[in-house]
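Residue numbers (the UniProt record's numbering): 1 to 271.
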């Protein structure tokens, strides 16, 4: 059998879509030679590099498709500043086990305590673990569903939001829903129930969700499904942003100088 040219080998690797091996071939051959690897060991090395390249490309593509508003990781979350957050529980959620069971995660707490940071960090970590994720602000979600309903494309949009293994709905409760929007959100929750995981951040306690949805019956139906298999994390503490402003003295400077106003209670300032 005649030996084929290097170009022929590269064409075969390209055809087989083994592009990492093709691009790193000379280096891989040198590495295998220096290590005096057997043929089996060399093939294992080549396959490991190919898989690593494909995994990295999948992760980068999935990060883009997830539409995260920013990059956040668990390593950047200050657990010491928020002692109400169980670090072990959050790291367990980041493994994605709750996604495999179609469970829900609720991150509750006042503005600025790190709910969205944790949501994005968990979302990024489960993408690395192999799951698909979509991040969407709550008001954008309901506006999209309402528009699709008016245009007769509701089923299409529901299918779109039901597709990812994890759907992250951010900032639920900052503005109340219209009654029709609440029913549309209920349809989405029902579509994903026990089939797709849901992570929701909210500044409202669960007992206030009737006001959020504008309909206590719909709120009960939504919570019935979301809480059936759920992990609820309530974050207590001060806003990171307010803490930094207080340290820099900005809050005191912004307070009106009036003898009848108590400026010491800066916890009441909202962000």
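In this text, a Cβ means the ideal position worked out from N, Cα and C, and glycines have one as well.
The structure displayed is predicted, hence computed values, not measured ones.
About 17 Å separates the CB atoms of residue 204 and residue 237; that is not less than 8 Å, and the two are not in contact.
For residue 234, the enclosing beta strand (DSSP E) has its first and last residue at 230-234. In the structure shown, residue 81 falls within a coil segment according to DSSP collapsed to helix, strand and coil.
Contact between residue 113 and residue 239 holds: their C-beta atoms lie close to 6 Å from each other, under 8 Å.
Three or more Cβ pairs closer than 8 Å define a contact, and the stretch 73-92 falls short of that threshold against the stretch 50-57.
Going by C-alpha positions, residue 70 is about 11 Å away from residue 119. With respect to residue 182, residue 146 sits apart: the two C-beta atoms are not nearer than 8 Å.
Going by DSSP, residue 104 is part of no alpha helix (DSSP H) but of the beta strand (DSSP E) stretching over 104-108. For residue 168, the closest C-alpha among the options 234, 179, 189 and 184 is that of 189. Only residues of its own chain outside the window of five on either side were considered, and among them 189 and 193 have a CB closer than 6 Å to the CB of residue 225, listed in chain order. Take residue 62, set aside five residues on each side of it, and the residues of its chain with a beta-carbon closer than 8 Å to its own are 127, 132 and 133, in chain order. Of the residues assessed, residue 142 falls on the buried side of the cut-off, its CB having 16 or more other CB atoms within 10 angstroms. About 15 Å separates the beta carbon of residue 96 from that of residue 195, a gap too long to meet the 8 Å contact definition. Contact annotation, residue 104 with residue 198: C-beta distance approximately 5 Å; criterion of less than 8 Å satisfied.
Residue 202 is bridged by DSSP to 108 and 172. Relative to the Cα of residue 228, the nearest Cα in the group 154, 149, 201 and 106 belongs to 106. Shortest Cα-Cα distance from residue 124 to any of 60, 19 and 9 involves 60.
Beta-bridge partners assigned by DSSP to residue 134: 167.
Within the model, the alpha-carbon separation for residue 121 versus residue 52 is close to 22 Å. By DSSP's assignment, residue 197 forms a beta bridge with 166. Contact between residue 29 and residue 49 does not hold, since their C-beta atoms are separated by about 12 Å, which reaches or exceeds 8 Å. Counted as a single uninterrupted DSSP element, the alpha helix (DSSP H) harbouring residue 185 occupies residues 179-192.
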